[in-house]
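Protein chains in written order, with my numbering: chain A, 20 to 280; chain B, 20 to 280; chain C, 20 to 280.
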Amino acid sequence: MLSPDRPITSKEIPMAAAAILERIRVRTPRIHCITNAVAQNFSANMLLAVGAIPSMTIAPEEVGQFALSADALLVNLGTFDAERRKAADIAIDVMVKQNKPWLLDPVFVERSPPRTAYAQLLLEKHPRAVRLNRAEFTALAGTDVEGATLSRFSALHNTIVGLTGEADIVMDYGRLVCITNGDPLMVRVTAMGCAGSCIIGACLAVEKDAWVATAAGLLILGVAGQLAAKQSQGPGSLAVNILDVLHNLDGTALIEHARVV
Amino acid sequence: MLSPDRPITSKEIPMAAAAILERIRVRTPRIHCITNAVAQNFSANMLLAVGAIPSMTIAPEEVGQFALSADALLVNLGTFDAERRKAADIAIDVMVKQNKPWLLDPVFVERSPPRTAYAQLLLEKHPRAVRLNRAEFTALAGTDVEGATLSRFSALHNTIVGLTGEADIVMDYGRLVCITNGDPLMVRVTAMGCAGSCIIGACLAVEKDAWVATAAGLLILGVAGQLAAKQSQGPGSLAVNILDVLHNLDGTALIEHARVV
Amino acid sequence: MLSPDRPITSKEIPMAAAAILERIRVRTPRIHCITNAVAQNFSANMLLAVGAIPSMTIAPEEVGQFALSADALLVNLGTFDAERRKAADIAIDVMVKQNKPWLLDPVFVERSPPRTAYAQLLLEKHPRAVRLNRAEFTALAGTDVEGATLSRFSALHNTIVGLTGEADIVMDYGRLVCITNGDPLMVRVTAMGCAGSCIIGACLAVEKDAWVATAAGLLILGVAGQLAAKQSQGPGSLAVNILDVLHNLDGTALIEHARVV
């Protein structure tokens, strides 16, 4: 059993993720997403499928109000524009003032120096977690991915690193967990990673330990993707099936299929 | 048989909806939608599935031209921003001048006071129908949902109220119809309500009695959703199947499955 | 066998398309799309399914950087607005300076005079191909579709015309190919044409003969759509199945099902 008295370890992540999934369904947290236009619909459907309530406005006039009643905030830098930057600044400030969690997904920073620069500014506003792939980490950290650089990045920015790829690695400055669920077909569905970040957002909304929440989010996505891929003929059906699987996923199946080291 | 000489009653809604569905397919009306980014793709696909022709531009420079050749206009306030407000104002004016129908979907007004204020301004421009849920009605009307408040709202704004929820209620100041089709899974698909408003738009384009058109639109959506849910494993497949069902729906099936009081 | 020494003829298009499809999968070209909000997600998924890497930003601050590392650019005029115009101008200039291909999809120009005017300006920037339907051609060329007008348009603007409809016609000023693949259900899926233009973009990225690339793109889309339609109950499942089919399509099946005159 999970004990509230000591930090959760990597072995306990599946059990913790099952508990988090249950809490999402009971509490139906509100997740506000400032995300790119490609990802908006799929992200909203992912959040609904997992049991959360998405909102997506990027209008500076009202994003502060939405953040005020949200339980977590995702800022995703794909389709990065002046309006989204303004909205992100407002919404992050509201979350930080209320001590509510927000996370950063610095999509494609390696393709655009102004995007990298903006992502670095946002890191100073203390996201609870940063989800990114290897190329994005390298651009943002200015150094290659290694255990030590991940750990240093985590310590420097006081954040959790959720590095996704063939295996997902979640790291704070003391703990590391490696998740090998998922399926190669998942990268052929646009915004799959962005939607995964939304699920981390839902986990952060109901779990204070951000390392646990980040790992739980990636585990939930990985198991759902893996189960969905088995039923799919290609990326089209995978994008549909993952929503069905996520909607029907229970803690027992999550624990049974978890591949966590 | 439906008679042209007297207003249609609630019992006749299924038959009227079947006739409207047929007219949409014959006339292929053009529906212009100023809607949120989350809903745009699904809404366009819903309109195509029902037999209408969607257009979606929000650019102030050209939205007037699109409205000029449209048969109905939907204004949806999700992802509300300055550009969409400007576009809505232009497009509504064109529709009103031509005496062509437009309808309002005040998504999430309860989450954002500036959105509520703007929705109230739009109500003065006489939408033929307003589709909203209970929380949105309460925010907009400043009062709880009851038979009397719905009726008063309808009279005050000279519009049809299409209140959606477990049961859908369509009201003008004299008539009321209650539709109990649909499926609980529908709320787990993002933009399902927004897409439903688009279908009402298609009905308004081919039916002058806005109360009948609003009821027909919600009935078509409800029956399609219910039939699609039976074939679906979760919200992912529901979003796919509802388009297939809608595309294949005929008047006989619509009447057979209608649950109207 | 295809010879590098002489231009490919219409009969050889299926074989050339099979080779192009193979090259896309090996080279995984980057296709930057400035496209409408309705089409963004489906277009990205189409590109991923065919084996290319999509990017979609429209922010003027960074679109130049994306164009710099892209192998082809699509400019689609649906949801045409000031920001997208600015982004298109920047991105096209980058592509032209690097002598890399870009193509134009002048969606719905017949509905909006300012859109037509802007499309005409863009034609002066030498797109390698223009994909459009009959109504769009008529608005843009100021004349009806006939063999002679297509050919004159192609010569005047030094571009390939990819005219889509019941049959697709691809023309330069000397060569013509007619493709009769596809399925009537395809027009009931929003952004199917836009996504088709993206596939042409992927072909242009790996094939210098723009007439061959345009024909290959439309053939790949047509065959995939036709095979997918056979397995589909309506437009919802078609949109899913075409991604699966595209992902699994190989050169043999492409050649086997090609209907090319």
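Backbone N, C-alpha and C define an ideal beta-carbon position, used for all residues, glycine too.
Item, Value
"Closest Cβ-Cβ distance between methionine 114 of chain B and chain C: below 7 Å?", "no"
"Which of the three DSSP states, helix, strand or coil, is assigned to isoleucine 27 of chain C?", "coil"
"For the segment 215-236 of chain A, which residues have a beta carbon sitting closer than 7 Å to at least one beta carbon of chain C?", "none"
"So what's valine 225 of chain B in DSSP terms, helix, strand or just coil?", "helix"
"Cα separation between leucine 142 of chain C and arginine 150 of chain C?", "12 Å"
"Can you find a C-beta in chain C that's less than 7 Å from the C-beta of serine 256 of chain A?", "yes"
"Measuring only the C-alpha atoms, how far is alanine 35 of chain B from histidine 51 of chain C?", "47 Å"
"By a C-beta neighbour count over all protein chains shown, 10 Å radius and 16 as the cutoff for buried, is serine 251 of chain C buried or exposed?", "buried"
"Going by other Cβ atoms of all chains shown within 10 Å of its Cβ, with 16 needed for buried, is glutamine 289 of chain C buried or exposed?", "The displayed coordinates of chain C run from 20 to 280. Any statement about residue 289 of chain C would go beyond what the structure contains."
"Do glutamate 102 of chain C and serine 131 of chain A have their C-beta atoms within less than 7 Å of each other?", "no"
"At a Cβ threshold of 7 Å, is threonine 76 of chain C touching chain A?", "yes"
"I'd like to confirm the pairing. Which residues does DSSP put opposite asparagine 95 of chain C in its beta bridges?", "C:Asp124"
"Distance, Cα to Cα, proline 48 of chain B vs lysine 119 of chain A?", "47 Å"
"Looking at valine 189 of chain A and glycine 201 of chain A, is the spacing between their C-beta atoms short of 7 Å?", "no"
"Secondary structure at asparagine 267 of chain A, three-state DSSP: helix, strand or coil?", "helix"
"Between which two residues does the beta strand (DSSP E) carrying isoleucine 72 of chain A extend?", "72-74"
"Any idea what DSSP makes of asparagine 152 of chain A, helix, strand or coil?", "strand"
"Return the first residue and the last residue of the alpha helix (DSSP H) that aspartate 90 of chain C is part of.", "From DSSP, aspartate 90 of chain C is part of no alpha helix (DSSP H); its letter is neither H nor E."
"Only counting the same chain, and skipping five residues up and downstream in sequence, which positions put a Cβ closer than 6 Å to that of alanine 174 of chain C?", "Tyr192"
"Excluding the 5 residues preceding and the 5 following serine 170 of chain C in the sequence, name in chain order all residues of the same chain whose CB lies nearer than 7 Å to its CB.", "Met190 and Tyr192"
"I want to know whether the segment 253-264 of chain B touches the segment 196-215 of chain B - three or more CB-CB distances under 8 Å.", "yes"
"Beta carbon of glutamate 165 of chain A, beta carbon of proline 125 of chain A: below 7 Å?", "no"
"Among the candidates B:Asp100, B:Val69, B:Leu67 and B:Asp108, whose CA atom is the shortest distance from the CA of alanine 86 of chain B?", "B:Asp108"
"Can you pull the chain A residues whose beta carbon is under 8 Å from the beta carbon of glycine 184 of chain B, in chain order?", "Result: empty, since nearest Cβ-Cβ is about 16 Å, beyond 8 Å."
"Using a Cβ cut-off of 8 Å, pull out every chain B residue sitting near asparagine 95 of chain A, in sequence order please.", "What asparagine 95 of chain A touches in chain B: nothing, since even the nearest Cβ is about 13 Å away."
"Looking at the structure shown, is arginine 49 of chain B part of a helix, part of a strand, or coil, going by DSSP?", "strand"
"Return the chain-ordered list of same chain residues with a C-beta closer than 7 Å to the C-beta of lysine 144 of chain B, the five sequence neighbours on each side being excluded.", "Ile111 and Val115"
"For alanine 63 of chain A, tell me which candidate among A:Ala138, A:Leu273, A:Ala232 and A:Ile218 has the shortest Cα-Cα distance.", "A:Ile218"
"Going along the chain, which residues of its own chain have a beta-carbon closer than 6 Å to the beta-carbon of glycine 241 of chain C, five neighbours each way excluded?", "Ile198, Asn200 and Gly201"
"Helix, strand or coil for threonine 209 of chain C per DSSP?", "coil"
"Could you check if valine 89 of chain C is buried or exposed, using at least 16 other CB atoms within 10 Å of its CB as the buried criterion?", "Note that residue 89 of chain C is alanine in the sequence shown, not valine. Buried."
"Are the C-beta of aspartate 100 of chain C and some C-beta of chain A separated by less than 7 Å?", "no"
"Of all Cβ atoms in chain C, is any one closer than 7 Å to the Cβ of arginine 153 of chain A?", "no"
"Taking 7 Å as the CB-CB limit, is alanine 89 of chain B close to chain C?", "no"
"Report the residues of the segment 245-269 of chain B with a CB closer than 9 Å to any CB of chain A, ordered along the chain.", "Ser251, Gln252, Gly253, Pro254, Gly255, Ser256, Leu257, Ala258 and Val259"
"Glutamine 117 of chain B: which of B:Gln84, B:Arg207 and B:Pro203 sits nearest, CA to CA?", "B:Gln84"
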